[in-house]
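Below is one structure; the comments refer to it alone.
In the UniProt record's numbering, the protein residues as written are 1 to 300.
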């Protein structure tokens with residue numbers, strides 16, 4: 001299962017030259033810093049191809065080794081098991097010895113359940129992270145949209161989180177012409193923000209920034225209003241989600257999530273029905289995805 005490479009500022013990756021850190025992302029390129037301090041600008045698509053090829057070659061080598069070991073032990077081939085739900089060992093900060101993200105598991109099961117709509121979704125596992133993304137296949141191939149909106153599922157040691165994800169770069173050339181600005185324009189209409197607030201209230205969704213740089217804690221909806229909850233337990237009322245996000249993200253990268261959270265035991269207890277639970281939420285959030293895709297088609 002070769003993983004889709006999704007670059008994020010501040011994260012480290014490795015290609016044939018060695019380990020590098022992403023320090024800035026532009027529309028088609030990114031600035032990286034090698035471990036020796038050297039900084040260069042490189043095409044995003046090029047680094048994706050290099051890393052994905054390296055990982056594919058490693059997977060082939062690992063598969064060949066496993067096949068030789070099984071043959072030496074006299075073991076026969078066995079059919080891959082269908083997805084039956086997440087299990088205790090999947091809940092970790094690591095993806096070692098887990099298979100739940102694959103297209104033969106949750107990734108593909110959910111993509112198949114979302115067939116027949118206006119978008120054609122497929123899944124991509126995030127490299128070295130216990131997270132899988134679902135994107136429209138046509139949009140995912142667009143190199144001019146490096147920071148795309150997507151649906152996702154993420155496992156943490158104590159919970160499953162799933163919903164709508166939209167990253168934003170501090171580079172205006174990327175974010176102001178991409179999905180982020182499209183979403184802010186859409187949310188700027190009162191009727192759209194009202195709809196999202198009501199949805200978050202009824203489905204108990206929270207809004208958060210995984211980078212913690214634009215804002216910390218969660219934004220929650222209750223009784224017709226938004227409030228900002230932080231670690232001290234206090235909640236602060238905010239005038240509007242669009243205004244809050246636009247201001248918070250003005251000079252900071254954002255890893256925006258609008259998500260539902262299920263405790264570990266509840267997620268495991270749903271077994272394979274967890275696929276239906278995720279698909280139902282994603283269908284409810286489709287207006288957000290449609291908003292960014294529609295904006296793109298109007299500007300084309």
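Cβ atoms here follow ideal geometry from the backbone N, Cα and C, with glycine treated the same way.
- Between residue 201 and residue 221, the C-beta spacing is below 8 Å.
- DSSP, reduced to helix, strand and coil, places residue 225 within a strand of the structure shown.
- Taking C-beta atoms as the reference points, residue 144 and residue 120 fail to come closer than 8 Å.
- Comparing alpha carbon positions, the residue from 142, 203, 266 and 255 closest to residue 283 is 203.
- In this structure, the beta-carbon distance from residue 258 to residue 85 does not fall below 8 Å.
- For residue 209, the closest C-alpha among the options 155, 245, 225 and 194 is that of 245.
- Ranked by Cα distance from residue 241, the options 94, 184 and 272 are led by 184.
- DSSP places residue 275 inside the alpha helix (DSSP H), whose first and last residues are 274 to 284.
- When the alpha-carbon of residue 122 is set against those of 148, 109, 288 and 249, the nearest one is in 109.
- Residue 256 is bridged by DSSP to 166 and 209.
- If only complete runs of 3 or more residues are kept, the region 71 to 130 shows the beta strand (DSSP E) at 121 to 125, in order along the chain.
- In terms of Cβ geometry, residue 150 and residue 134 form a close pair [threshold 8 Å].
- Sorting 37, 287, 32 and 52 by C-alpha distance to the C-alpha of residue 196 places 287 at the top.
- In this structure, the CA atom of residue 186 is about 18 Å from the CA atom of residue 163.
- Taking 8 Å as the upper bound for CB-CB distance, residue 34 and residue 10 are not in contact here, some 15 Å apart.
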